[in-house]
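Each remark here refers to the structure printed beneath this line.
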């Protein structure tokens, strides 16, 4: 538990692969982020791109990522992030959960 995001909201270009995939196929990133917090990949993938429901589903995933990492914030803040900066938020979350796999490999 780090207590902060490892990549800033505008750090989209830290990982161009995730950035490009998220821009062209956001449902893939939505599903992978949901899967990382033990939610249904298919459900979040499908509903995550339908507004206004998608904002709430994506914010739910962001909240779970925050809670798991001990990052301060609120569900309302997460909703606003996904309402006004959806692609940046998705990439930030994807970079965060991608790091979990790297941390697990280091621990083993």
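Residue numbers (our numbering): 11 to 118. The beta carbon of each residue, even a glycine, is placed where N, CA and C say it ideally should be. Please read these numbers as outputs of a predicted model, since none were measured by experiment.
If we ignore side chains and look at the alpha-carbon of each, how far apart do residue i and residue j end up?
i: residue 108; j: residue 29; result: 13 Å
i: residue 115; j: residue 106; result: The predicted model places residue 115 with a pLDDT of 35, which falls under 50 and marks its position as unreliable, so this point remains unresolved.
i: residue 92; j: residue 65; result: 6 Å
i: residue 19; j: residue 95; result: 9 Å
i: residue 87; j: residue 57; result: 20 Å
i: residue 48; j: residue 77; result: 13 Å
i: residue 13; j: residue 60; result: 31 Å
For residue i, does the count of other Cβ atoms within 10 angstroms reach 16, so buried, or fall short, so exposed?
i: residue 35; result: exposed
i: residue 118; result: Here residue 118 scores only 42 on pLDDT, less than 50, and its place in the model should not be relied on; the value that follows carries that caveat. So residue 118 counts as exposed.
i: residue 50; result: exposed
i: residue 63; result: exposed
i: residue 26; result: exposed
Mind checking whether the beta-carbon of residue i lies closer than 7 Å to any heavy atom of the ligand NAP?
i: residue 23; result: In the structure shown, the ligand NAP is absent, as is every other ligand, since no ligand is present at all.
Short of 7 Å in beta carbon distance, which residues of its chain neighbour residue i, apart from the five on each side in sequence? Order them along the chain.
i: residue 85; result: 69 and 73
Less than 8 Å between C-beta atoms, sequence neighbours within five positions excluded: which residues of the same chain meet that for residue i?
i: residue 16; result: 105, 106 and 109
What residues in its chain sit with their C-beta under 6 Å from that of residue i, if we drop five residues either side in the sequence?
i: residue 83; result: 76
Given 8 Å, three or more beta-carbon pairs between the segment 39-47 and the segment 55-72
Yes: at least three Cβ pairs fall under 8 Å.
Sequence ranges, alpha helix (DSSP H) only - wholly within the segment 31-60, length at least 4:
The DSSP assignment places 36-46 and 51-57 as complete runs of the alpha helix (DSSP H) inside the segment 31-60, in order along the chain (cut-off: 4 residues).
Entirely within the segment 56-103 and at least 4 residues each: give me those alpha helix (DSSP H) ranges in chain order.
63-79 and 85-94
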